[in-house]
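The structure under discussion appears below in the form of C-alpha cells.
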Amino acid sequence: MNPLTDQELHQLAMNIVGKEMEEDGFEFLSINSKPKKDPQFVALKKGKLHFVVVRAIRYPNNPVEYDEDLMITMRDHAVKFKARTFYAGVGLANSNNYEIPVHHDEDYVVNYAGLIEIK
0 MNPLTDQELH QLAMNIVGKE MEEDGFEFLS INSKPKKDPQ FVALKKGKLH FVVVRAIRYP
60 NNPVEYDEDL MITMRDHAVK FKARTFYAGV GLANSNNYEI PVHHDEDYVV NYAGLIEIK
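The letter at position 34 of the sequence shown is residue 33 when you use numbering that gives the first Met the number 0, and the numbering goes up by one with no holes.
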C-alpha cells in the first residue's frame with residue numbers, strides 16, 4: 000500500500016474544488032496545479048474575477064484554518080485586478096482509519112466547507 004504523495008493530494012483537492020466551481024458556473028481563465036504556486040484557479044463568474052487558493056489538508060488539521068499572511072498577500076494582489084479572493088481548504092482522510100494516510104485504491108473522506116472569501 001502506497002500513500003498518496005503531497006502532489007497527488009493537492010491534485011485531488013484541486014479536482015474537488017474545480018468540479019464544484021464548474022458546477023457553480025465559474026469559467027476558468029487559468030489553472031495552476033503546482034502546490035503553493037498561488038492562486039490555483041483564476042476564474043470568472045458573472046463577469047467578476049476570482050482568485051482561489053487551494054490546499055489539501057491532512058487529518059487531523061482543520062481545513063478551514065488558513066495561513067492569514069499568505070491570504071492577505073493574495074487579497075492585496077487580487078485587489079490590483081479588481082478580483083475577489085477565496086481560500087479552499089480540502090480536508091482528506093483515509094476512510095478506514097483517519098490516523099493513517101490516504102492510499103491509492105482506498106476510499107477517503109472529504110471535509111470541504113466550500114470557498115471562503117478573504118475580505
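For each residue, glycine too, the CB sits at the ideal point set by N, CA and C.
Check whether the Cβ atoms of M8 and A55 sit closer than 8 Å, and answer yes or no. Locating residue 8 in the sequence shown gives position 9, where the first residue counts as 1. Locating residue 55 in the sequence shown gives position 56, where the first residue counts as 1. Correcting the residue type first, residue 8 is Leu in the shown sequence and not Met. For L8 and A55, yes; Cβs fall inside 8 Å.
Considering T84, what are the terminal residues of the beta strand (DSSP E) in which it resides? Counting from 1 along the sequence shown, the entry for residue 84 is found at position 85. Where T84 is concerned, the enclosing beta strand (DSSP E) stretches over R83 to N93.
Supposed contact pair F80 and I117 - C-beta distance, whole angstroms, cut 8 Å: To locate residue 117, count along the sequence shown from 1; it is residue 118. To locate residue 80, count along the sequence shown from 1; it is residue 81. Actually they are not in contact, since the Cβ atoms of I117 and F80 sit about 14 Å apart, beyond 8 Å.
What is the DSSP secondary structure of H102, reduced to helix, strand or coil? Translated into the one-based positions of the sequence shown, residue 102 becomes position 103. In this structure, H102 counts as strand in the three-state DSSP scheme.
From Y111, D104 and N60, pick the residue whose C-alpha is nearest to that of N1; which is it? Here residue 1 corresponds to residue number 2 of the sequence shown, with the count starting at 1. If we check each option's Cα against that of N1, D104 comes out closest.
Are the CB atoms of V63 and A112 within a distance shorter than 8 Å? Position 113 of the sequence shown, counted from the start, is the residue given in the question as residue 112. Position 64 of the sequence shown, counted from the start, is the residue given in the question as residue 63. In this structure, V63 lies closer than 8 Å to A112 by Cβ.
Residue range of the alpha helix (DSSP H) that includes A12: Here residue 12 corresponds to residue number 13 of the sequence shown, with the count starting at 1. From DSSP, the alpha helix (DSSP H) with A12 extends over D5 to E22.
Proximity below 8 Å, CB of F51 to CB of A42: Here residue 51 refers to the residue found at position 52 of the sequence shown. Here residue 42 refers to the residue found at position 43 of the sequence shown. Per the sequence shown, residue 51 should be read as Val rather than Phe. Yes, Cβ-Cβ distance for V51 and A42 is below 8 Å.
Which residues in the same chain as I71 place their Cβ atom closer than 8 Å to its Cβ, once the five residues preceding and following it in sequence are excluded? For the purposes of this step, residue 71 is identified with residue 72 of the sequence shown, where counting begins at 1. Same-chain partners within the cutoff: I117.
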